[in-house]
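Notes follow once the structure below has been shown.
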Amino acid sequence: MTNFELGIWSFPVLLVMIFLRVPIGLAMFLVGLGGLYFATDGMAMSLGKLKSEVYSTFSSYSLSIVPMFLLMGQFATLGGMSQALFKAAESWLGHRKGGVAMAAIGACAGFGSICGSSLATAATMGQVALPELRRYG
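All the letters of the sequence shown, read from the start, carry residue numbers 61 to 197 under the working numbering.
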């Protein structure tokens, strides 16, 4: 079986697992591990590849800065900065339907252009924007 065929067969297996209510992360892990098993020469090789990929992912620069951005988002939330920003956004875009959601998207775009990391932006702005979006309904 070629790698292309393996990828074609993996997608329906993933969908079946999701429809059987297997958690998405676990379903993706099992399908990926099965793909590695069939693409490489057995379980020892696929587990070795899994180990090296996990280490290289967690040692990358993009993931190493996420805890500091989460801390910064926590400071922004506890300091009241996020409430002030969303109050300003509501006065600017609140008259439109979905105006606060549009303001959250704009804030994500601005923060992403400043920090340069989409992963850190998603982590930080999700932490800051979610309580305010829930508060505004």
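Ideal Cβ placement from N, Cα and C applies to all residues, glycine included. Keep in mind that this is a model prediction, so the values were computed, not measured.
How about residue i and residue j: do their beta carbons lie closer than 8 angstroms?
{"i": "Met132", "j": "Thr184", "result": "yes"}
{"i": "Lys109", "j": "Thr117", "result": "no"}
{"i": "Leu90", "j": "Met77", "result": "yes"}
{"i": "Ser70", "j": "Gly95", "result": "yes"}
{"i": "Thr178", "j": "Ile125", "result": "Note on residue identity: the sequence assigns Ser, not Thr, to residue 178. No, the Cβ-Cβ distance between Ser178 and Ile125 is not below 8 angstroms."}
{"i": "Met61", "j": "Leu74", "result": "no"}
{"i": "Val160", "j": "Tyr115", "result": "no"}
Using CA coordinates, which residue listed in the options is at the minimum distance from residue i?
{"i": "Leu145", "options": "Gly170, Ile125, Leu110", "result": "Gly170"}
{"i": "Gly67", "options": "Glu113, Tyr97, Thr117", "result": "Tyr97"}
{"i": "Gly172", "options": "Pro72, Ser122, Met141", "result": "Ser122"}
{"i": "Glu150", "options": "Leu193, Leu138, Leu130", "result": "Leu193"}
{"i": "Phe129", "options": "Ala180, Gly95, Leu93, Pro191", "result": "Ala180"}
{"i": "Leu107", "options": "Ala87, Gly92, Ser119", "result": "Gly92"}
{"i": "Gly139", "options": "Val188, Gly85, Ile174", "result": "Val188"}
{"i": "Thr137", "options": "Ala161, Ser120, Gly186", "result": "Gly186"}
{"i": "Lys147", "options": "Pro191, Phe64, Val82", "result": "Pro191"}
Report the three-state DSSP secondary structure of residue i (helix, strand or coil).
{"i": "Ser120", "result": "coil"}
{"i": "Val82", "result": "coil"}
{"i": "Gly67", "result": "helix"}
{"i": "Arg194", "result": "helix"}
{"i": "Thr137", "result": "helix"}
{"i": "Met61", "result": "coil"}
{"i": "Gly102", "result": "coil"}
{"i": "Gly92", "result": "helix"}
{"i": "Gly154", "result": "coil"}
I believe residue i touches residue j by the beta-carbon criterion, under 8 angstroms. Please report the beta-carbon distance rounded to the nearest angstrom.
{"i": "Ala167", "j": "Leu153", "result": "Between Leu153 and Ala167 the Cβ distance is about 11 angstroms, and since that is not below 8 angstroms, they are no contact."}
* For the stretch 158-186, which segments carrying the alpha helix (DSSP H) assignment without a break, of at least 4 residues, lie completely within its bounds, in sequence order? -> Segments of the alpha helix (DSSP H) lying fully in the stretch 158-186: 159-175.
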